[in-house]
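Reviewing the structure listed below.
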Ligand SMILES: Cc1cc2nc3c(=O)[nH]c(=O)nc-3n(C[C@H](O)[C@H](O)[C@H](O)COP(=O)(O)OP(=O)(O)OC[C@H]3O[C@@H](n4cnc5c(N)ncnc54)[C@H](O)[C@@H]3O)c2cc1C
Ligand code: SF4
Ligand code: SF4
Ligand code: SF4
Ligand code: SF4
Ligand code: SF4
Ligand code: FES
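Protein chains in written order, with the numbering used here: chain A, 1 to 345; chain B, 1 to 287; chain X, 1 to 244.
What follows is the structure, encoded as structure tokens:
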């Protein structure tokens, strides 16, 4: 189902959705920089009318995974003094959440996270609780950033279909496309009307433009076994890697975490926090470390995304969002590494 | 895995991160750095319902310190409590060693796969253990001895650097006295009063020269011991499919989520820790 | 500075066998980025570039590269101070490292103004640390953070939990700043790499100012000088008497 909303009505429509949903989306910070955050949390006055949503693809820095997997999350608290029920698991809030401003690659990243956290014998209850009530609204990228390579790892136009609703900027207004019943319920609003054929043509053109982002040369190599174990490129690229982990902390589909205990205000709290395979501590055991060298950790990162996850879940773990490419402080561009790596014999 | 899921699995499935509370009932000092803990669940129903299979592991919490991974060293054929043996190597294992009887711990599990003992019915079993590596073997061994008629001859080769580093000494007689079961002990160096073999486990294995026919070999111990045991088993004619071991990787969640324990696309916490040597040969060499 | 001059110097050092590798900059994967280059053959020196995109402090690679033989590093003034500091701290053999000096033409971003009062400053940092993801990229990029095991990664004793957000981040940042006393050459790599834009370098700079006032010392100026906090003389001032 498609509807059209004028630029003037957009803010009013979003505000109306906020009554039902806790709304998270890309907003412009006071300094002009975009940020992905809880729209309700913005102090009044900073954002005119409470919402200035940045629906261009500039608001890409913080991955939406923050709202499915908070950087730090309490698993339970343990109170030694409470004899009857010392263990308490925090409950998730009950107002349903709406994520706004997701790009095609963000939608794909959530699909990857779904596999990791929901597949298998044990589903992750904390992730599942957040995911269950979450409404996902995205938008079609107007321009690819220099670092983007979504079309080289899949079909972004198909990924958009994982969203409940998709917003396409057609200049004079936005076409909003509902993919699910929840999405249709969002469109049931007096601020929206039926689009004309011409407006629909503009929408299709925008989707076609997304699909037409040129592919990288490595795109054709992405078979499950294309990464060679002993390739010298691991060493070559790892040499400049600082092991800072930015590439996984800010990757929208990286999902690894650590679990720690801490005493807070007389209680013991067990929490999980983000972790990365790019540090030597990740696999360090008292007896030995299976990945003591940077090149092994670099191989793990790329192999996990381009080889192991395809084997495990039949999905490439990288969405081509370009965050790691753009944010790596030494410009270690995985697209160059992928282009150079030789197939596994 | 079509059979009805036991209650523990149901509970763990709701929230695999939430431990079951248990009380330490008994602590046995095995060696200078290893203790065996017997824990009883606080929930009385859970005491009977907690079931697991030999080879599986659990995450043990000391609240305020953290968690660590230990294999279940007891056998499900003796319900009511669980046992695990702990070698003191770091923060959590230190904290456990500090504990006294009556202390409270958390248990998450059972996790991971198990030895395919159902498929081994009617076969001879050869256990080859070194040091603390005897823990997972002990679970399977006691399980098989409790189901003695299901298996043929059972041989156990167990070694340590010295006699005071052998665990489970109080059980040696019970193992020896089981029907058609032999215990072969060995230590690295000569000791006064030692009446058993002297020499490394792999060498003793060669001396004993067990026949591979209809036999499954299960080995666990220090990596260097396993390496030579595997070589010698091959020389003795054992195929890769006849040899089983357990692998160790750093673990946190135990349920395939935290991303820490992968070897290639397999996660040791879910797809392991039990692997046949044939499977191990197919893995990337990173463990 | 003329790039040809840098390339010639690199070439000479490699040809003479004085160093095994020259660490410099080459064009990155897009025009607006450079990336560290490890030049091992005189034939490859033409890959080297020097322009406004060359911002990394390459001293971060000094220890790693010196292990394989002599290393020459292209360095601005602040980067060269890191190298000197590493020699002073016995992390680097003086004879294993050469510096190819380049002028500092970096377009440094404006520093945020720190409030005057202690209260306000505390509030400023609390707000900044709230954003901290605890990725430790600032530490990884910092040449002064050369410890094999950083205090924050130790599990016995554990100094702070690895929790995102302000409270545990204080522990990390304040301790790290303390450890930079007499080591920080103000290269600002920590702030540059921080993915959430925390001006981490201001902490170390504050400490350096303090060290300068107390001991009349500037980090990384003299290879033969002892590190300021690695020595003690009876004349040393007592920080407590200075309101520290
Ligand atoms: C499937 C499986 C079964 C096991 N079964 C048993 C068993 O039955 N009995 C047994 O005793 N053990 C067993 N282990 C091993 C056991 O899990 C470890 O010995 C235990 O986790 C150590 O925990 P710790 O907290 O005492 O050590 P830690 O304190 O966690 O680790 C100590 C070591 O960690 C390293 N380290 C230092 N800093 C860091 C850091 N920042 N991050 C990470 N690491 C760091 C150091 O090398 C140090 O020596 C098993 C392991 C697995 C995977
Ligand atoms: S962001 Fe770059 S430097 Fe940092 S760990 Fe990743 S590849 Fe290495
Ligand atoms: S690996 Fe890089 S490009 Fe791929 S999804 Fe992660 S951050 Fe984006
Ligand atoms: S790349 Fe590394 S940090 Fe990211 S999900 Fe894979 S193993 Fe985890
Ligand atoms: S913060 Fe301190 S302990 Fe950690 S690496 Fe830096 S100097 Fe070393
Ligand atoms: S200050 Fe920035 S770079 Fe340092 S740990 Fe925090 S987020 Fe990472
Ligand atoms: S222990 Fe977390 S994935 Fe295996």
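Positions of the beta carbon are idealized from the N, C-alpha and C atoms, including for glycine.
Predicted model, so just to flag it, every value in this text is computed and none were measured.
Where the alpha helix (DSSP H) containing residue 227 of chain B begins and where it ends
Element bounds for residue 227 of chain B: 223 to 235.
Any chain X beta carbon closer than 9 Å to residue 57 of chain A
Per-residue confidence for residue 57 of chain A stands at a pLDDT of 49, beneath the threshold of 50, marking its modelled position as unreliable; the derived number appears in the next sentence. No, residue 57 of chain A lies away from the interface with chain X (no Cβ there is under 9 Å from its Cβ).
Assign residue 254 of chain A to one of two classes, buried (16 or more other C-beta atoms within 10 Å of its C-beta) or exposed (fewer than that).
It counts as buried.
Leaving out the 5 sequence neighbours to the left and right, which residues in its chain are closer than 8 Å to residue 155 of chain A when beta-carbon positions are compared?
So the list reads 211, once near-sequence residues are dropped.
Quick one: does the C-beta of residue 149 of chain X sit closer than 8 Å to a heavy atom of ligand 4?
For residue 149 of chain X, the shortest C-beta to heavy atom distance toward ligand 4 is 8 Å or greater.
Could you check whether the Cβ of residue 248 of chain A sits closer than 8 Å to any heavy atom belonging to ligand 2?
Result yes, Cβ under 8 Å from ligand 2.
For ligand 7, which residues count as neighbours when the test is a C-beta closer than 6 Å to any heavy atom?
Chain-ordered list of matching residues: B:251, B:252, B:253, B:254, B:256, B:257, B:258, B:259, B:260, B:261, B:267, B:269.
Please name the residue, chosen from X:127, X:229, X:58, that lies closest to residue 143 of chain X on a Cα-to-Cα basis.
The shortest Cα separation from residue 143 of chain X among X:127, X:229, X:58 belongs to X:58.
Just checking residue 30 of chain B against ligand 1 - is the residue's beta carbon closer than 8 Å to any of the ligand's heavy atoms?
The closest heavy atom of ligand 1 lies 8 Å or more from the beta carbon of residue 30 of chain B.
Okay, do the stretch 27 to 45 of chain X and the stretch 77 to 96 of chain X touch, 3+ Cβ pairs below 8 Å being the bar?
Contact between the stretch 27 to 45 of chain X and the stretch 77 to 96 of chain X is not established, with fewer than three Cβ pairs separated by less than 8 Å.
Does the beta carbon of residue 263 of chain B sit closer than 9 Å to a beta carbon anywhere in chain A?
For residue 263 of chain B, at least one C-beta of chain A is nearer than 9 Å to its own C-beta.
Hey, is residue 59 of chain X close to ligand 2, as in C-beta under 8 Å from one of its heavy atoms?
The answer is no for residue 59 of chain X.
Could you check where the alpha helix (DSSP H) with residue 125 of chain A kicks off and where it finishes?
It spans 125 to 132 - the alpha helix (DSSP H) in which residue 125 of chain A sits, taken as one unbroken run.
Option nearest residue 41 of chain X by Cα separation, candidates X:10, X:68, X:191
Nearest option by C-alpha distance: X:10.
From the beta carbon of residue 277 of chain A, is the nearest beta carbon of chain B less than 9 Å away?
Output row for residue 277 of chain A: interface = yes.
Closer than 8 Å, Cβ to Cβ, to anything on chain A: give me those residues from the stretch 11 to 30 of chain B, in chain order.
Within the stretch 11 to 30 of chain B, the residues whose Cβ lies closer than 8 Å to some Cβ of chain A are 12, 13, 14, 15, 16, 17, 18, 19, 21, listed in chain order.
Sorted by chain position, which residues of the same chain lie with C-beta nearer than 6 Å to residue 191 of chain B's C-beta, five sequence neighbours on each side aside?
Same-chain partners within the cutoff: 163.
Whether residue 254 of chain B touches residue 112 of chain B by CB criterion (9 Å):
Closer than 9 Å, so yes.
Distance check for residue 109 of chain A and residue 138 of chain A, CA to CA, integer angstroms please.
Distance between the alpha carbons of residue 138 of chain A and residue 109 of chain A is about 13 Å.
Between which two residues does the alpha helix (DSSP H) harbouring residue 118 of chain X extend?
Where residue 118 of chain X is concerned, the enclosing alpha helix (DSSP H) stretches over 118 to 130.
Which partner residues of residue 26 of chain B appear in the DSSP bridge assignment?
For residue 26 of chain B, which the question treats as bridged, DSSP gives the partners B:38.
What is the DSSP secondary structure of residue 306 of chain A, reduced to helix, strand or coil?
Residue 306 of chain A falls in the helix class under three-state DSSP.
Alpha carbon to alpha carbon, how far is residue 122 of chain X from residue 115 of chain X? Give it in angstroms, no decimals.
Roughly 9 Å between the two C-alpha positions.
May I ask whether a heavy atom of ligand 1 can be found less than 8 Å away from the beta carbon of residue 172 of chain X?
Relative to ligand 1, the beta carbon of residue 172 of chain X is positioned no closer than 8 Å to any heavy atom.
Boundaries of the alpha helix (DSSP H) in which residue 7 of chain A is found, first to last residue
From DSSP, the alpha helix (DSSP H) with residue 7 of chain A extends over 7 to 18.
Does any heavy atom of ligand 3 sit closer than 8 Å to the C-beta of residue 133 of chain X?
Checking every heavy atom of ligand 3 against the Cβ of residue 133 of chain X, none is found closer than 8 Å.
Coil, strand or helix - residue 3 of chain A by DSSP
If DSSP states are grouped into helix, strand and coil, residue 3 of chain A belongs with the strands.
Report yes if the CB atom of residue 132 of chain X is closer than 9 Å to the CB atom of residue 228 of chain X, and no otherwise.
It is not a contact, given that the beta carbons lie outside the stated cut-off.
Can we say the stretch 71 to 82 of chain B touches the stretch 40 to 55 of chain B, given the rule of at least three CB pairs closer than 8 Å?
Result yes; three or more Cβ-Cβ pairs closer than 8 Å.
Sequence-distant residues of its chain with Cβ nearer than 7 Å to residue 26 of chain X (five each side left out):
Leaving aside the five residues that flank residue 26 of chain X on each side, the residues in its chain whose CB is nearer than 7 Å to its CB run, in chain order, 34, 35, 37, 47, 48, 49.
If you draw a straight line from the C-alpha of residue 159 of chain X to the C-alpha of residue 159 of chain A, how long is it?
Whole-angstrom Cα-Cα distance: 43 Å.
Is it true that the CB of residue 327 of chain A sits closer than 9 Å to the CB of residue 87 of chain A?
No. Outside cutoff.
Alpha carbon to alpha carbon, how far is residue 12 of chain A from residue 47 of chain A? Give it in angstroms, no decimals.
Note on residue 47 of chain A: pLDDT 37, under 50, position unreliable in the model; the coordinate value appears next. About 14 Å.
Within 9 Å (strictly less), CB to CB, does residue 193 of chain X reach chain A?
Chain A contact via Cβ: present.
Does the beta carbon of residue 283 of chain A sit closer than 9 Å to a beta carbon anywhere in chain B?
Taking CB atoms only, residue 283 of chain A has a neighbour in chain B less than 9 Å away.
Quick one: which chain A residues come within Cβ less than 7 Å of residue 275 of chain B?
The premise fails here: residue 275 of chain B is roughly 15 Å from chain A at the closest Cβ pair, so nothing lies under 7 Å.
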